[in-house]
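**Q** Before I ask anything, let me first share the structure, which is written out below as structure tokens.
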Amino acid sequence: MMVEPAAPAIVPQHIAIIMDGNGRWARQRGLPRLAGHRAGTENIRRIVTECATVGVRYLTLYAFSTENWSRPSAEVQGLLAILGEFIDRETESLHREGVQLRHLGRLDDLSAPLRTKIHTAVSQTRENVRLTLAVAFNYGGRADIIDAARAIVAAGGGVEALTEQNIAAHLTTRGMPDPDLIVRTSGEWRLSNFLIWQAAYSEYWTTPTFWPDFTPDLLRQAIHAYGHRQRRFGGLTEES
Ligand code: IPE
Ligand code: IPE
Ligand code: MG
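Okay, so the sequence shown: first residue is 38 according to this note's numbering, each after it adds one.
Here it is, written out as structure tokens:
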């Protein structure tokens, strides 16, 4: 008899995933890099479902960084197309499952049709509360902080307006809790400009598995590991 593993006792409220390794996954199979990106995108669905099942409230996925524009144009164009296809294919069923979609990052550099698709999906799912799925596309942590500071200054704020609270309220993640757990696939141990402000006290977990092969079971392993971490936020705990 198959026994379902028990749901983890401590579940992070917000998990952020650096979906890395699509290119290596494809190369291992003698496929073009874009085939890896497509396989990676197909994997998103089951991870979203797993998060909703175990009670994660926010899932942020790093899909395209502000530095990824430096890749060959065919790959960049392919990634832009894949985002549009993802929205077309998944929005309706995500909406039915109570998932709210959000976009993190700079919209201005994206084409008007893609911006429209994003706006439509975000507004269609705006009232959903089961899980917020934030897609970081054309996202960079440094750009995020610069844009927040510029918005504050443009609104007439002086030095006194540059507080932690006010900067956080102007970041693209405004209104979301900071990520509790950051997962990176494909074995790298770096943030690559992902949520650098918001990750100040996040826990970190990495696996050698490439993103297209990342499973709900691996996600549970990450969540279990998180459950054994002691978060101190600079203070002291009873054990220390
Ligand atoms: C992650 O996979 C997706 C993006 C960065 C767009 P990569 O494309 O970085 O895959 P690797 O790291 O080359 O294997
Ligand atoms: C980070 O992966 C960005 C995304 C997963 C979207 P990269 O593959 O771009 O990061 P580096 O270049 O290895 O640091
Ligand atoms: Mg990579």
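Think of the CB as a built atom: it goes at the ideal place given N, C-alpha and C, for glycine as much as any other residue. This one's a predicted model, so the numbers in the text were calculated from it and none came from an experiment.
1) Please state whether the Cβ-Cβ distance between I81 and L218 is less than 8 Å.
2) Within a Cβ cutoff of 6 Å, which residues of the same chain sit near Q137, ignoring the five residues on either side of it in sequence?
3) Thinking S102 and G193 are a contact (beta carbons under 8 Å), I'd like their distance in whole angstroms, please.
4) Using only the heavy atoms of ligand 2, determine whether one of them is closer than 7 Å to the beta carbon of E201.
5) Can you find the residues in the same chain that come closer than 6 Å, C-beta to C-beta, to A76, ignoring five residues on each side of it along the sequence?
6) With three or more beta-carbon pairs closer than 8 Å as the criterion, would you say the segment 104-123 touches the segment 65-75?
7) Hey, out of I47, A46, Q50, I54, whose CA is closest to W226's CA?
8) Would H265 be called buried (16 or more neighbouring beta carbons within 10 Å of its own) or exposed?
9) Which two residues bound the contiguous alpha helix (DSSP H) that contains Y263?
10) So within the segment 211-246, which uninterrupted beta strand (DSSP E) runs reach at least 3 residues, ignoring any that extend past its ends?
11) Sorry if obvious, but does the Cβ on D57 come closer than 7 Å to a heavy atom of ligand 3?
12) Would you tell me roughly how many angstroms separate the C-alpha atoms of N341 and I47, rounded to the nearest one?
13) Kindly indicate which three-state DSSP category S148 falls into: helix, strand or coil?
14) Can you pull the DSSP bridge partners for S107?
15) Looking only at C-alpha atoms, which of P45, Q65, L208, D57 sits nearest to S223?
16) I believe L256 touches E104 by the beta-carbon criterion, under 8 Å. Please report the beta-carbon distance rounded to the nearest angstrom.
17) What residues in its chain sit with their C-beta under 6 Å from that of W242, if we drop five residues either side in the sequence?
18) State the Cα-Cα distance for the pair T200 and A186, rounded to the nearest angstrom.
19) So who's on the other strand from T97, going by DSSP bridges?
20) Since V136 is in the beta strand (DSSP E), which residue starts that stretch and which ends it?
21) Below 8 Å between beta carbons: does that hold for R152 and L144?
22) Could you name the residues of the same chain whose beta carbon sits closer than 6 Å to that of D215, not counting the 5 residues immediately before and after it, in chain order?
23) Taking R268 as the reference, give the member of D254, T252, S239 with the closest Cα.
**A** In this structure, then:
1) no
2) T162, N165, T169
3) Their Cβ separation, rounded to whole angstroms, is 31 Å, which puts S102 and G193 out of contact at 8 Å.
4) no
5) P249
6) yes
7) I54
8) exposed
9) 253-264
10) 218-221, 240-243
11) yes
12) The chain is shown from 38 up to 277; residue 341 falls before or after that span and cannot be answered.
13) coil
14) Looking at the DSSP assignment, S107 forms no beta bridge with any residue, so it has no partner.
15) D57
16) L256 to E104, Cβ: 26 Å. No contact.
17) V220, A259, A262
18) 10 Å
19) A53, A171
20) 136-141
21) yes
22) Q235
23) S239
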